[in-house]
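Peer 1: Let me begin by handing over the structure; questions about it come next.
Residue numbers (my numbering), protein chains in the order written: chain S, 43 to 342; chain E, 245 to 652.
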């Protein structure tokens with residue numbers, strides 16, 4: 043008996059308690075809602091059955107109905123564009139900035155710290171900010187572009203189907219930039235200096251050093267940044283209601299916003315759940331990539 | 245102290261507590277509404293007064309934010325915790341009334357001394373009716389009409405507000421002046437309820453309705469809107485601006501006309517530094533059929549209430565105070581038997597007369613239990629046309645097919 047309590051205090055039992063608490067927490071707060079969501083996507087839901095767990099089984103009708111929506115393929119296309127453009131923008135600019143601030147110049151770390159301001163701000167505030175930057179007739183961006191002479195007329199960022207999605211992409215890149223830069227900076231700092239010195243002695247130029255040292259050494263960091271970026275971008279919601287509300291004519295609606303709209307504006311909870319299950323498959327894919335890319339990390 | 249004496253003391257304490265409750269049985273009526281969040285509103289003020297006057301019935305009033313109202317109500321109803329009375333935006337009302345979630349008050353209203361259904365405007369009354377039965381009562385109402393800047397009209401040599409759609413397009417073009425950053429007109433064609441709110445009246449003027457959107461006049465109307473945007477008589481940002489922001493550009497003199505409602509009057513009276521007026525929405529042809537949007541909230545009693553009689557008494561009290569609706573809360577009662585008192589601001593008083601006339605033509609959105617989906621089909625089609633992605637006839641045909649799938 044005393045051995046049992048000893049192991050609870052210091053041994054396998056203690057480890058099990060710690061792991062168990064975390065598992066219980068995850069199951070209750072992430073697992074159950076997830077299962078509930080999947081369950082709901084196979085059921086008929088209306089206001090009378092909203093509060094119950096057992097509802098009429100609907101089979102795949104919700105899935106068929108979602109795919110049959112006239113905007114389904116447009117939303118799919120928008121989601122892909124939004125995710126890849128946002129991730130690419132956040133990663134490339136974030137990486138460039140990380141390398142820039144990794145150089146030793148006065149104030150480098152202070153300025154890098156200031157970049158975090160964008161990441162600390164709530165999405166709705168960022169949305170309101172970009173809303174006035176991207177406004178059509180009296181927008182700041184249009185004014186700048188006109189002053190520089192890049193455009194002559196007015197670009198209606200939020201109302202033109204050719205630009206609406208890109209307006210949200212621009213705001214989202216700005217929002218996620220700091221997070222990307224920070225993670226990549228940490229990765230950069232972890233690369234031993236002597237590798238670069240040795241390469242320089244061997245006569246490798248800057249590009250070769252980047253290609254053969256920086257990139258391979260950053261592999262796991264890049265994998266992590268990419269998959270966190272994918273998840274963060276798919277989750278992005280605040281910017282949509284603040285900027286375009288998915289318009290004009292759904293040209294800036296992405297899956298996450300669409301799922302919200304179905305559930306909480308059109309009160310079709312089953313279809314909302316169905317769309318989020320479809321998104322879940324995508325996020326699952328990203329998580330697998332993330333886990334695989336961090337698997338080789340050696341932890342001290 | 246022994247266990248026994250603790251038990252005894254607990255017993256005495258319990259008895260004392262039960263004696264503290266007043267002998268008279270009190271009925272608590274739960275009321276939900278959006279009023280009172282920022283400034284004193286209708287439901288919160290009246291509930292407080294009711295509680296002061298009555299002892300047998302007490303109102304437990306809760307403010308629910310507008311965006312959460314329907315979702316909260318759905319959840320509460322599904323879990324059996326719905327309030328007794330709720331105040332809902334009129335297009336959301338049918339979601340509940342059509343499914344029997346609201347109490348049928350047809351007979352109660354007929355027997356009431358306070359309520360007379362014949363005095364209500366037709367539109368608001370339709371929005372609380374379903375299947376010939378009365379499921380609630382209109383709280384207040386509003387509608388949209390055409391605001392116009394009289395100074396700019398005079399400068400352009402235009403004597404009066406446009407009366408037909410084609411006149412509107414011409415007038416907007418004449419008033420547009422890019423040099424002074426002035427558009428001819430502004431309205432809201434936003435991707436949301438406001439977009440449908442502004443476009444549906446035009447479909448109705450052309451003889452269509454929410455379940456018949458691809459009538460020839462609806463095509464003509466949306467083509468007129470597109471013509472105004474293409475000619476830069478209206479900013480393309482009408483596609484993303486709500487009515488409040490859109491009318492803001494009118495108040496600052498950046499648009500010569502604006503389509504919006506009486507909720508603008510207070511701000512316009514102070515912000516607009518020019519002479520302005522309000523005209524009825526232009527019709528398809530001279531003297532053609534009129535229509536306008538119907539805004540405003542309704543009262544409903546949930547069918548799940550345990551105290552229907554007391555809840556109805558509370559409702560009667562709210563209705564009995566309708567005369568204070570405009571002077572105290574700047575909202576227009578949905579009934580024709582209450583004259584609005586003069587406000588002392590001439591422009592505002594003149595405008596209110598027009599809005600009251602326009603209200604007689606206001607038609608509800610729906611009523612239909614799946615109104616939000618119908619509305620989305622309409623504003624999606626509207627935006628597809630205005631952005632030039634799909635020709636008007638094709639977009640409205642597609643919307644009609646979608647709506648047909650919903651209405652059956």
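Note that beta-carbon positions come from the ideal geometry of N, C-alpha and C, so glycine has one too.
What beta strand (DSSP E) runs, 3 residues minimum, are completely inside the region 350–389 of chain E?
Peer 2: 380–382
Peer 1: Residues of chain E with CB closer than 7 angstroms to the CB of residue 307 of chain S, please, in chain order.
Peer 2: Per Cβ cutoff of 7 angstroms: 616.
Peer 1: Over what stretch of residues does the beta strand (DSSP E) that includes residue 565 of chain E continue unbroken?
Peer 2: Unbroken run through residue 565 of chain E: none, as it is neither H nor E.
Peer 1: Can you tell me whether residue 487 of chain E is buried or exposed? The criterion is at least 16 other CB atoms within 10 Å of its CB, across all chains shown.
Peer 2: buried
Peer 1: Residue 275 of chain E lies in the beta strand (DSSP E); which residues open and close that run?
Peer 2: In the DSSP assignment, residue 275 of chain E falls within the unbroken beta strand (DSSP E) covering 271–277.
Peer 1: Does chain S have any CB closer than 8 angstroms to the CB of residue 267 of chain E?
Peer 2: Residue confidence is low: residue 267 of chain E scores 46 on pLDDT, short of 50, so the model does not pin down where it sits. Its coordinate-derived value is still stated next. It does not; no Cβ of chain S falls within 8 angstroms.
Peer 1: Determine the contact status of residue 217 of chain S and residue 165 of chain S, defining contact as a CB-CB distance below 8 angstroms.
Peer 2: yes
Peer 1: Nearest chain E C-beta to residue 286 of chain S closer than 8 angstroms, yes or no?
Peer 2: yes
Peer 1: What are the residues of the region 244–262 of chain S that lie near chain E, defined by any Cβ-Cβ distance shorter than 9 angstroms?
Peer 2: none
Peer 1: Of the residues that make up the region 436–454 of chain E, which ones have a beta carbon closer than 9 angstroms to any beta carbon in chain S?
Peer 2: 436, 437, 439
Peer 1: Round the Cβ separation of residue 331 of chain E and residue 371 of chain E to the nearest angstrom and send it over; I've been treating them as touching at under 8 angstroms.
Peer 2: Between residue 371 of chain E and residue 331 of chain E the Cβ distance is about 13 angstroms, and since that is not below 8 angstroms, they are no contact.
Peer 1: Check the Cβ of residue 216 of chain E against every Cβ in chain S and list those closer than 8 angstroms, keeping chain order.
Peer 2: Any question about residue 216 of chain E goes unanswered here, given that chain E covers just 245 to 652.
Peer 1: At which residues does the beta strand (DSSP E) containing residue 503 of chain E begin and terminate?
Peer 2: 501–504
Peer 1: Kindly say whether residue 321 of chain E, judged by its beta-carbon, lies nearer than 8 angstroms to any beta-carbon of chain S.
Peer 2: yes
Peer 1: Please return the same chain residues whose Cβ sits closer than 8 angstroms to the Cβ of residue 652 of chain E, not counting the five positions on each side in sequence.
Peer 2: The beta carbon of residue 652 of chain E is closer than 8 angstroms to none in its chain, skipping five residues each way along the sequence.
Peer 1: Judging by CA-CA distance, which residue of E:496, E:385, E:441 is the nearest neighbour of residue 427 of chain E?
Peer 2: For residue 427 of chain E, the nearest C-alpha among the options comes from E:496.
Peer 1: Taking all protein chains shown into account, do 16 or more other C-beta atoms lie within 10 angstroms of the C-beta of residue 309 of chain S, making it buried, or fewer, making it exposed?
Peer 2: buried
Peer 1: Quick check: what's the CA-CA separation for residue 435 of chain E versus residue 442 of chain E?
Peer 2: CA-CA distance, residue 435 of chain E to residue 442 of chain E, rounds to 11 angstroms.
Peer 1: Closer than 7 angstroms, Cβ to any Cβ of chain E: which residues of the region 154–173 of chain S, in chain order?
Peer 2: none
Peer 1: Is it right to say residue 214 of chain S is buried, meaning 16 or more other beta carbons lie within 10 angstroms of its own, or is it exposed?
Peer 2: buried
Peer 1: Could you say which of E:323, E:358, E:322, E:418 lies nearest to residue 560 of chain E if we only look at CA atoms?
Peer 2: E:358
Peer 1: Looking only at its chain, what residues have a beta carbon closer than 7 angstroms to the beta carbon of residue 493 of chain E, apart from the 5 residues adjacent to it on each side?
Peer 2: 430, 499
Peer 1: Starting from the beta carbon of residue 653 of chain E, find every residue of chain S whose beta carbon is closer than 7 angstroms, and list them in chain order.
Peer 2: Lying outside 245 to 652, the shown extent of chain E, residue 653 of chain E is not represented and no answer is given.
Peer 1: Given that a residue counts as buried once 16 or more other Cβ atoms are within 10 Å of its Cβ, and exposed if not, what is residue 194 of chain S?
Peer 2: exposed
Peer 1: Within 8 angstroms, do at least three Cβ pairs link the region 392–403 of chain E to the region 514–525 of chain E?
Peer 2: Touching, yes.
Peer 1: Could you give the first and the last residue of the continuous beta strand (DSSP E) run that contains residue 656 of chain E?
Peer 2: Residue 656 of chain E lies beyond the range of chain E shown here (245 to 652); nothing can be said about it.
Peer 1: For residue 355 of chain S and chain E, any beta-carbon pair shorter than 8 angstroms?
Peer 2: Residue 355 of chain S cannot be examined here, being either before or after the span of chain S that is shown, 43 to 342.
Peer 1: Can you grab the Cα-Cα spacing for the pair residue 451 of chain E / residue 459 of chain E, in whole Å?
Peer 2: 7 angstroms
Peer 1: Considering only the beta carbon of each residue, do residue 578 of chain E and residue 384 of chain E sit closer than 8 angstroms?
Peer 2: yes
Peer 1: Which residue's Cα is closest to the Cα of residue 97 of chain S: S:84, S:245, S:315?
Peer 2: The residue with the shortest Cα to Cα distance from residue 97 of chain S is S:84.
Peer 1: Quick check on residue 92 of chain S - is its C-beta less than 8 angstroms from some C-beta in chain E?
Peer 2: yes
Peer 1: Given a threshold of 16 other Cβ atoms within 10 Å of its Cβ, counted over all protein chains shown, does residue 413 of chain E qualify as buried or as exposed?
Peer 2: buried
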